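Residue numbering for the sequence shown follows our numbering, beginning at 37 and increasing consecutively.
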Amino acid sequence: MPTRPRLISSIPFWGLLVVSLATIAGGWYITTDKLGSMTTTLTDGSATGVDVYVGQSIAQLGSILIGAGIIGVLLTLAVAALSTLRPHPPVEVVEPIDWNSEAETAAEAAPVAVAPATAATASSVPAPAAEPAITKPAAEGVQTPAAVAAGDESDRTR
């Protein structure tokens, strides 16, 4: 039995993916926000030293976060690819399945033994009114219950 969990139920795997995607999104937000504010303040002429120099550092921090998030996503993909290479133990078959159960084979193999009835007793027994139709054809030499009840001589073995 494997002691390692499957990858789809591994919390660290999904945690790495979620944190990596959140890092990419956060870095993207910081970078676009600072570059946008720097662009507007530089074009209208109201930029200060803090906007220009600190804004560059913060935009660089955002790009570093984007890079770290991309590395995390690549690590997640590498772990997923390596998990497919891990050998899985073969499925152990306890015993092969016998599709013909013992009850079915015994019922099909052993014909129904019916005591031979005389013509007088067979004709005096009335057939039941609601007898279901027999779906299996009778094998040669085997009497069907309907033939016994009706007194049909052609199906009887001699």
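Cβ atoms here follow ideal geometry from the backbone N, Cα and C, with glycine treated the same way.
It should be emphasised that the depicted structure is a prediction, and the values quoted were computed from it without experimental measurement.
Given a length threshold of 4 residues, each whole run of the alpha helix (DSSP H) inside the region 86-130 is given here in chain order: 91-121. For D69, the enclosing alpha helix (DSSP H) starts and ends at I47 to D80. Between D69 and the set T120, I94 and I100, the nearest pair of CA atoms involves I94.
Judged by their CB atoms, T67 and G103 are not nearer to each other than the 7 angstroms cut-off.
For S45, the closest of V127, A116 and I133 by C-alpha to C-alpha distance is A116. Here I133 carries a coil assignment [DSSP, helix/strand/coil].
With 16 or more neighbouring CB atoms inside 10 Å of its own CB, T59 falls in the buried class.
In the assembly as shown, T84 is an exposed residue. Its beta-carbon has fewer than 16 other beta-carbons within 10 Å.
Rounded to whole angstroms, S56 and T112 show a C-alpha spacing of 9 angstroms.
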